[in-house]
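Comments concern the structure below.
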Amino acid sequence: MIDLHLHSRASDGSLTPAQLVQLCAERGVQILALTDHDCLRGLEEARLASQAADMRFIPGVEISVTWEHKTLHVVGLNIDADSPVLKTGLARMQQERIERAREIGRRLESRGYPGAYTGALALAEHGNVTRTHFARWLQANGHAGSMQKAFQRLLAYGKPGYVASNWAGLEESIRWIHAARGLAVLAHPLRYRMTRTWLMRALDQFKQAGGDGIEVVCGGGNRDEQAVASDYAKRFQLSASVGSDFHTPAAGWNQPGISTCLPQNLTPVWECF
Ligand code: AMP
Ligand code: MN
Ligand code: MN
Ligand code: MN
654 MIDLHLHSRA
664 SDGSLTPAQL
674 VQLCAERGVQ
684 ILALTDHDCL
694 RGLEEARLAS
704 QAADMRFIPG
714 VEISVTWEHK
724 TLHVVGLNID
734 ADSPVLKTGL
744 ARMQQERIER
754 AREIGRRLES
764 RGYPGAYTGA
774 LALAEHGNVT
784 RTHFARWLQA
794 NGHAGSMQKA
804 FQRLLAYGKP
814 GYVASNWAGL
824 EESIRWIHAA
834 RGLAVLAHPL
844 RYRMTRTWLM
854 RALDQFKQAG
864 GDGIEVVCGG
874 GNRDEQAVAS
884 DYAKRFQLSA
894 SVGSDFHTPA
904 AGWNQPGIST
914 CLPQNLTPVW
924 ECF
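Sequential numbering from 654 applies to the sequence shown in our numbering.
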């Protein structure tokens, strides 16, 4: 079992890095990567916990990217968390997250939800604030029946609390990851709001810019989706990654740990570390 896409409380997961490693151990995961959104804060704790549990730990990050007015996610695997280039880039992302959160807060306030910004920031432990923290705050304060509903009604693309962000550029995200001697993997290729034609364009640019891999087995994905993603991996000569995108034990559909069996003729990204 392997899992190269996992979130902790350092971004929008609900477990501490140590709790996450513990859950992975219980589920038989042998190699894991912590890949929090735009942030390296949880890596040291996860590394120590993995060491204690005799598991192989891969430091990672999931970088938010703005490409052609759309959002993509690029996972960096086996990164050097001390890389100055990566740290400087992510510091800018943190600033962007704070500024976006203020604007989301203003918009929610004008819709009759005062205190959303300070509430979300507190749930983010004054660190790396995401839309998930707003969703949690809305749910916790009785403004939404569930996080899913908070997204659907207020936070998803095109909804009143949606604020377009200026994340890293696609090439830029790959540059940061390579500067940290990591591998750049396009996350969950079938979960973007874009047509196949646009996705092909994105993959072409990703490859041209030096992108290394693509997620072929994703949490919640089915066999058909794996086949499509395998086809992209072959067509663009990208290595194949597997990751659940686990955030919380409360969501039953993507728990940590994925079998290491990959479709034939693909190069597993973990053989490239
Ligand atoms: P952000 O990067 O701050 O825009 O937040 C994006 C995060 O929100 C994603 O990584 C997901 O964890 C979460 N998310 C996005 N859309 C939904 C949704 N419809 N329902 C639940 N969580 C979502
Ligand atoms: Mn997330
Ligand atoms: Mn993602
Ligand atoms: Mn993720």
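Glycine included, every Cβ here is placed at the ideal spot set by N, Cα and C.
In the DSSP output, which residue or residues are listed as bridge partners for residue i?
i, result
"G871", "Residue 871 is actually Cys in this sequence, not Gly. In DSSP, C871 forms a bridge with G896."
"I716", "V727"
"L685", "D656 and F710"
"V838", "V728 and G866"
"H690", "E715"
"P921", "A893"
"F821", "A small fix is needed here, since residue 821 is Ala in this sequence, not Phe. DSSP lists V718 as partners of A821."
"I911", "I655"
Going by alpha carbons, who is nearest to residue i out of the options?
i, options, result
"A800", "A702, R764, T901 and H841", "For the record, residue 800 in the displayed sequence is Met; it is not Ala. Minimum Cα distance to M800 is reached at T901."
"Q672", "I655, L696, A882 and S736", "L696"
"V714", "R784, V727 and W720", "V727"
"L839", "F859, L693, G814 and W829", "F859"
"E868", "Y845, W851, A893 and K887", "A893"
"H841", "G896, W820 and D877", "G896"
"Q908", "L919, Q917, A833 and D898", "D898"
"A793", "G905, A775 and D656", "A775"
"S736", "A788, A855, R784 and I830", "I830"
"E721", "W820, I655, T920 and G905", "W820"
"S703", "A777, G866 and T669", "T669"
"M783", "R755, A797 and A699", "A small fix is needed here, since residue 783 is Thr in this sequence, not Met. Per the Cα distances, R755."
"I655", "Y810, A809, G872 and L891", "G872"
"K887", "P921, L657 and G874", "P921"
"K723", "Y810, V682 and E825", "Y810"
"R700", "V674, E679 and R680", "V674"
"A769", "M708, L743 and A797", "A797"
"Q748", "C692, A788, L730 and E825", "C692"
"A777", "G822, W790 and P767", "W790"
"R680", "F926, C925 and I911", "I911"
"S824", "L856, L843 and K802", "Strictly speaking, residue 824 in this sequence is Glu, with Ser absent from that position. Taking only the C-alpha atoms, the option nearest E824 is L856."
"D854", "L659, H660, L725 and R694", "Looking at the sequence itself, residue 854 is Arg, so the reference to Asp does not match. Answer by Cα proximity: L725."
Between residue i and residue j, how many whole angstroms is the CB-CB distance? I'm expecting something under 8 Å.
i, j, result
"D689", "A706", "The pair is not a contact, with the Cβ atoms about 19 Å apart (cut-off 8 Å)."
"A686", "I716", "About 14 Å separates the two Cβ atoms, so there is no contact after all."
"G864", "I827", "6 Å"
"T785", "D665", "4 Å"
"L852", "Y845", "7 Å"
"L739", "A862", "In fact, because the Cβ distance is near 16 Å, the residues do not count as touching under 8 Å."
Within 7 Å of ligand 4: residues by beta-carbon to any heavy atom: Per the Cβ criterion, the list is H658, H660, T688, H690, E715, H726, A840 and D898.
- request: Assess, as a yes-or-no matter, whether the region 812–830 is touched by the region 757–764 under the definition of 3 or more beta carbon pairs within less than 8 Å.
  value: yes
message: For the structure I just gave you, are there three or more beta carbon pairs, one from the region 873–880 and one from the region 904–918, closer than 8 Å?
response: yes
- prompt: Just the residues with CB closer than 6 Å to a heavy atom of ligand 1, in chain order, which are they?
  reply: That query returns the following residues: D665, H690, S717, T783, R784, T785, M800, Q801, F804, A809 and H900.
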